[in-house]
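Have a look at the structure below, then the notes.
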Amino acid sequence: MTDLGGLTALRADIARGGEHLTRAQAALDAAGSGTLGVPDLDAACSRFLERRRDGHKRVADCAGQINRALGETQKAYAETEQAVTGSFGRPAP
250 MTDLGGLTAL RADIARGGEH LTRAQAALDA AGSGTLGVPD LDAACSRFLE RRRDGHKRVA
310 DCAGQINRAL GETQKAYAET EQAVTGSFGR PAP
């Protein structure tokens, strides 16, 4: 039998990871560039924040895709297990 509870827990972990990325990006955005007072440092900070923003978005997008695919897989497993279980309860013709 498939561990449907385990899949549910994995999906919840992935969703929490996406939430953590969102909060991390918000914190980076709040730090922002232009707040350091030194033009070279501000420019470096700006480049760093842009790369992190792009990286966070890519990881969050992938996590969303994985979570959706796991949901579809979980549904398919549940349906298959129901069908298999139901077939054992039927009398032979």
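For the sequence shown, the residue numbers in our numbering are 250 to 342.
Backbone N, C-alpha and C define an ideal beta-carbon position, used for all residues, glycine too.
### Message
If I measure Cβ to Cβ from T322 and keep anything under 8 angstroms in the same chain, skipping five residues before and after, which residues do I get?
### Response
For T322, same chain residues with a beta-carbon under 8 angstroms away, outside a window of 5 residues either side, are L256 in chain order.
### Query
Mind checking whether R301 and L319 have CB atoms under 9 angstroms apart?
In this structure, L319 does not lie closer than 9 angstroms to R301 by Cβ.
### Query
Roughly how many angstroms separate the alpha carbons of R317 and D252, rounded to a whole number?
Roughly 17 angstroms between the two C-alpha positions.
### Query
In or out: G267 buried (at least 16 other Cβ within 10 Å) or exposed?
With 16 or more Cβ atoms within 10 Å of its Cβ, G267 is classed as buried.
### Query
Which first and last residues belong to the alpha helix (DSSP H) in which A252 is found?
Going by the sequence as given, residue 252 is Asp instead of Ala. If you look at D252, you'll find it isn't in any alpha helix (DSSP H); DSSP assigns it neither H nor E.
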